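S.K.: Quick note on numbering: the sequence shown equals residues 1 to 216 in my numbering. Every residue gets a Cβ at the ideal spot worked out from N, C-alpha and C, and that includes glycine. Bear in mind that the values here come from a model prediction, so they are computed numbers and not experimental data.
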Amino acid sequence: MDFLHWCLDFVQNMDSYLTHYFQEYGIIVYIILFLVIFCETGLVIAPFLPGDSLIFAAGAVAALGNSNVFVLFIVMFVAGILGNTTNYTIGRLIGQKIYEKNLRCVKKEYIDSAMNFFEQHGGIAIVITRFMPIMRTFTPFVAGIAKMRPSAFSMYNILGAFLWVASFLSLGYFFGQQPFVKQNLSMVMVAIVVISICPAIVVKLIDIYKKSKADK
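1) Is the Cβ-Cβ distance between Leu169 and Phe70 less than 7 Å?
2) Relative to the C-alpha of Glu40, which residue among Ile32, Pro50 and Ile31 is closest?
3) Please go through the same chain and pick out, in chain order, the residues whose beta-carbon is closer than 7 Å to the beta-carbon of Lys147, but skip the five residues on each side of it.
4) Relative to the C-alpha of Met115, which residue among Gly95, Val165 and Met76 is closest?
5) Can you name, in chain order, every residue of its own chain whose Cβ lies under 7 Å from the Cβ of Leu297, other than the five neighbours on each side?
6) Assign Ala60 to one of three DSSP states: helix, strand, or coil.
7) Quick one: what's got a C-beta closer than 6 Å to Trp164's C-beta in the same chain, skipping five residues either side?
8) Between the alpha carbons of Gly80 and Gln23, how many angstroms are there, rounded?
9) At what residues does the alpha helix (DSSP H) containing Leu159 begin and finish?
10) CB-CB under 6 Å to Arg136, same chain, minus the five flanking residues each way: which ones, in chain order?
11) Specify the secondary structure class of Phe3 as computed by DSSP and reduced to three states.
12) Could you give the distance in angstroms between the alpha-carbon of Leu33 and the alpha-carbon of Gln120?
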């Protein structure tokens with residue numbers, strides 16, 4: 001229960017924690033950020049990890065002078081690329097077996113949603129879903145199951161990682177200097193998560209509508 005309370009407190013006060021940890025531990029925090037982004041994008045059992053809000057918070061903390069924004073970009077950009085590549089490779093090698101076993105730790109409905117989105121949009125889905133929590137964790141996995149060409153996947157993967165990290169880190173760095181955001185950073189990060197989820201909700205509603213029309 002104490003750990004759960006700490007996790008909730010960390011999400012609500014991410015900026016304060018990151019500021020403290022950067023001051024106390026320096027390079028270790030960069031390694032932790034790398035691992036969180038890598039796991040969120042690379043492991044289908046970890047879609048719950050913070051992505052957008054963590055990058056935004058890291059940018060805001062960098063604006064206060066507690067870390068180097070360029071090092072942050074490189075660390076999280078590389079983590080995003082390697083995470084998706086790992087996820088794609090797992091999907092390509094054993095993804096179909098994982099899907100068929102319907103493991104409790106892997107939400108089959110998330111895979112189905114990612115499959116539908118990937119079928120509709122093709123390779124560009126890898127770029128689009130970078131900005132969609134949960135979907136960004138499962139899309140590279142689905143691309144692996146679909147045996148997407150590695151060269152095409154790499155191109156979309158690098159582009160998506162660049163746009164994702166650059167946009168949220170830049171937003172965090174810019175808005176982190178604004179007095180209102182400084183005082184209400186937790187609320188801003190919650191808003192970012194909500195806004196990020198909206199595209200996935202819209203896509204799901206469209207799928208439901210199409211299915212209801214087809215059944216009539």
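M.R.: The answer reads as follows:
1) no
2) Pro50
3) So the qualifying residues of the chain are Arg92.
4) Gly95
5) No answer is possible for residue 297: the residues shown for the chain start at 1 and end at 216.
6) Judged by DSSP in its simplified three-state form, Ala60 adopts helix.
7) Arg130
8) In this structure, the CA atom of Gly80 is about 25 Å from the CA atom of Gln23.
9) Pro150 to Phe175
10) Thr129 and Arg130
11) Residue confidence for Phe3 is low, a pLDDT of 47 falling below 50, so the modelled location carries little weight; the figure read from the coordinates is stated next. Of the three classes helix, strand and coil, the one that applies to Phe3 here is helix, per DSSP.
12) 32 Å
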